[in-house]
Amino acid sequence: MKSNQMPTRILHLNQLDNTQTLSPDEYQAKMKVLKNRIRELTFLSKTKERPLLFIFEGWDAAGKGGAIRRLTQEIDPRLFEVHNISAPNSDEIQHHYLWRFWNRIPKKGQIGIFDRSHYGRVLVERVEGFASESEWSRAYEEILLFEEQLLSFGTIIIKFWLHIDKEEQLVRFESRKNDPLKRWKLTDEDWRNRDKWPLYEEAANQMFQKTNTPKAPWILVPANDKYFARKMVLETVVERLEEELE
């Protein structure tokens, strides 16, 4: 079956073509069709009692929140929950780092959406030194085993990395800084992370290589153009759900 084969996909950020765009008219036409199809497929996943787990990672200001909002616009709100993952709280930090994600995995027929995820262990925790080298090095296997158990339970896992280039990120940072309604989105931590771009890029590329699997592949999304990125996210969801459910 096609879903059992390793997808032929780009797994290195430097190989992505971030010049791809979509006109507003094309975007509106495609999104209407895609969102209707996602509504149908998520009802089908409910009927078949298949949990869905969508994972969104990517650069700061890459558009993860916007993509998630478009994905969920036509889904029955009783079926999904969005988890905005930040630093672990005082209780969570006393447990294994995967504990808080086990507590958020979707039930049968439900949809969980992680805005950032357990992959923080091999990204921010690695780069910022919150995890030791031995901790983040062994996390690749721990994450694979975690996802393997979810897959064995029947969970459909779809993992996205939204990629913008450094110049586009600066444009979006400046836009947020100058917009009173969006200024809250920009933090000192965002600027510090930007200074460590090469380290995060290295960590991300290694993560793709070590945690890409046939049933839970990474989808790298060129996201300089928000219309193109959102369309690609929804197209991928439709494609994967059709493979798994029909």
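In numbering that gives the first Met the number 0, the protein residues as written are 0 to 245.
Every residue gets a Cβ at the ideal spot worked out from N, C-alpha and C, and that includes glycine.
Check your understanding: Straight-line CA distance for Leu-198 to Ser-89?
Key -> Taking the first residue of the sequence shown as position 1, residue 198 is located at position 199. Taking the first residue of the sequence shown as position 1, residue 89 is located at position 90. Going from the Cα of Leu-198 to the Cα of Ser-89 covers about 27 Å.
Check your understanding: Since Trp-98 and Lys-158 are thought to touch, with beta carbons under 8 Å apart, how far apart are those beta carbons, to the nearest angstrom?
Key -> Taking the first residue of the sequence shown as position 1, residue 98 is located at position 99. Taking the first residue of the sequence shown as position 1, residue 158 is located at position 159. In this structure Trp-98 is not in contact with Lys-158, their Cβ atoms being roughly 20 Å apart against a cut-off of 8 Å.
Exercise for review: May I ask you to report which of helix, strand or coil DSSP gives Trp-217?
Suggested key: Here residue 217 refers to the residue found at position 218 of the sequence shown. Strand.
Review point. Given Met-231, which residues of its chain have a CB within under 7 Å of its CB, disregarding the five upstream and five downstream residues?
Key: Counting from one through the sequence shown, the residue named residue 231 turns up at place 232. Close CB contacts of Met-231 within its chain, under the 7 Å cut and outside five residues either way in sequence, are with Val-220 (chain order).
**Study point:** Three-way DSSP call (helix, strand, coil) for Ile-156 in this model
**Key:** The residue given as residue 156 occupies position 157 in the sequence shown. Ile-156 falls in the strand class under three-state DSSP.
Practice item. Kindly indicate which residue of Phe-53, Ala-61, Tyr-26 and Ala-222 has the alpha-carbon position closest to the one of Thr-71. Key: Your numbering for residue 71 matches position 72 in the sequence shown. Distance from the Cα of Thr-71 is smallest, within the candidate group Phe-53, Ala-61, Tyr-26 and Ala-222, for Phe-53.
Exercise for review: Pick helix, strand or coil for Leu-104, following the three-state DSSP scheme.
Suggested key: What you label residue 104 is simply residue 105 of the sequence shown in a count that begins at 1. Per the sequence presented here, residue 104 reads as Ile, with Leu not at that position. Here Ile-104 carries a coil assignment [DSSP, helix/strand/coil].
Check your understanding: Of all the alpha helix (DSSP H) runs that stay within the bounds of the region 173-207, which reach a length of 4 or more residues?
Key -> With a minimum length of 4 residues, the unbroken runs of alpha helix (DSSP H) contained wholly in the region 173-207 fall at 187-194.
Review point. How far does the alpha helix (DSSP H) with Glu-56 in it reach, from first residue to last?
Key: If you number the sequence shown from 1, residue 56 lands on position 57. Glu-56 -> not in any alpha helix (DSSP H); beta strand (DSSP E) instead, spanning 51-57.
Check your understanding: Is Pro-23 near Gln-109, with beta carbons less than 8 Å apart?
Key -> The sequence position of residue 23 within the sequence shown is 24, counting from 1. The sequence position of residue 109 within the sequence shown is 110, counting from 1. Going by C-beta atoms, Pro-23 is not nearer than 8 Å to Gln-109.
**Study point:** C-alpha gap between His-117 and Glu-234, whole angstroms
**Key:** Working through the sequence shown from its first residue, we reach residue 117 at position 118. Working through the sequence shown from its first residue, we reach residue 234 at position 235. Whole-angstrom Cα-Cα distance: 24 Å.
Check your understanding: With a CB to CB cut of under 6 Å and the five nearest residues on each side skipped, what residues in its chain are close to Glu-91?
Key -> In the sequence shown, counting from the first residue as 1, residue 91 sits at position 92. Arg-99.
Exercise for review: Using three-state DSSP, classify Ile-37 as helix, strand or coil.
Suggested key: On the sequence shown, residue 37 is found 38 positions in, with the first residue counted as 1. Correct three-state label for Ile-37: helix.
**Study point:** Cut-off 6 Å between Cβ atoms - residues of its own chain near Tyr-96, not counting five sequence neighbours on either side
**Key:** Locating residue 96 in the sequence shown gives position 97, counting from the first residue. Around Tyr-96: Arg-120.
Practice item. With DSSP as the reference, label Leu-70 as helix, strand or coil. Key: Reading the sequence shown from its first residue, position 71 is the one you call residue 70. Note: Leu-70 maps to helix in three-state DSSP.
Check your understanding: So, are the CB atoms of Ala-228 and Leu-161 less than 8 Å apart?
Key -> Sequence index remark: in the sequence shown, residue 228 carries index 229 (1-based). Sequence index remark: in the sequence shown, residue 161 carries index 162 (1-based). In this structure, Leu-161 lies closer than 8 Å to Ala-228 by Cβ.
**Study point:** Alpha-carbon to alpha-carbon, Leu-244 and Trp-326
**Key:** Because residue 326 is not part of the residues shown, which for the chain are 0 to 245, the question remains open.
Review point. Exposed or buried, which one is Ala-86 when buried takes at least 16 other CB atoms within 10 Å?
Key: On the sequence shown, residue 86 is found 87 positions in, with the first residue counted as 1. Residue environment analysis places Ala-86 among the exposed positions, since fewer than 16 neighbouring C-beta atoms fall within 10 angstroms of its C-beta.
Review point. With C-beta atoms as the reference, is Asn-192 less than 8 Å away from Leu-12?
Key: The sequence position of residue 192 within the sequence shown is 193, counting from 1. The sequence position of residue 12 within the sequence shown is 13, counting from 1. At a Cβ-Cβ threshold of 8 Å, Asn-192 and Leu-12 do not count as neighbours.
Check your understanding: By how many angstroms is the C-alpha of Asn-211 removed from the C-alpha of Thr-7?
Key -> One-based indexing of the sequence shown puts residue 7 at position 8. One-based indexing of the sequence shown puts residue 211 at position 212. Low confidence applies to Thr-7: its pLDDT is 49, below 50, so where it sits in the model is not reliable, and the reading given next is rough at best. C-alpha separation (whole angstroms): 11 Å.
Point to revise | Which of helix, strand or coil DSSP assigns to His-117 | key: The residue you call residue 117 lines up with position 118 of the sequence shown. It is helical.
Review point. Going by the C-beta, is Thr-71 closer than 7 Å to any heavy atom of the ligand GTP?
Key: Among the components modelled here there is no ligand, and therefore nothing to report on the ligand GTP.
Point to revise | Environment of Gln-148 [buried if 16+ CB atoms lie within 10 Å] | key: For the purposes of this step, residue 148 is identified with residue 149 of the sequence shown, where counting begins at 1. Exposed, since its Cβ has fewer than 16 Cβ neighbours within 10 Å.
Review point. Which residue comes first and which comes last in the beta strand (DSSP E) that contains Phe-79?
Key: Taking the sequence shown and counting its residues from 1, one reaches residue 79 at position 80. Per DSSP, Phe-79 belongs to the beta strand (DSSP E) from 79-83.
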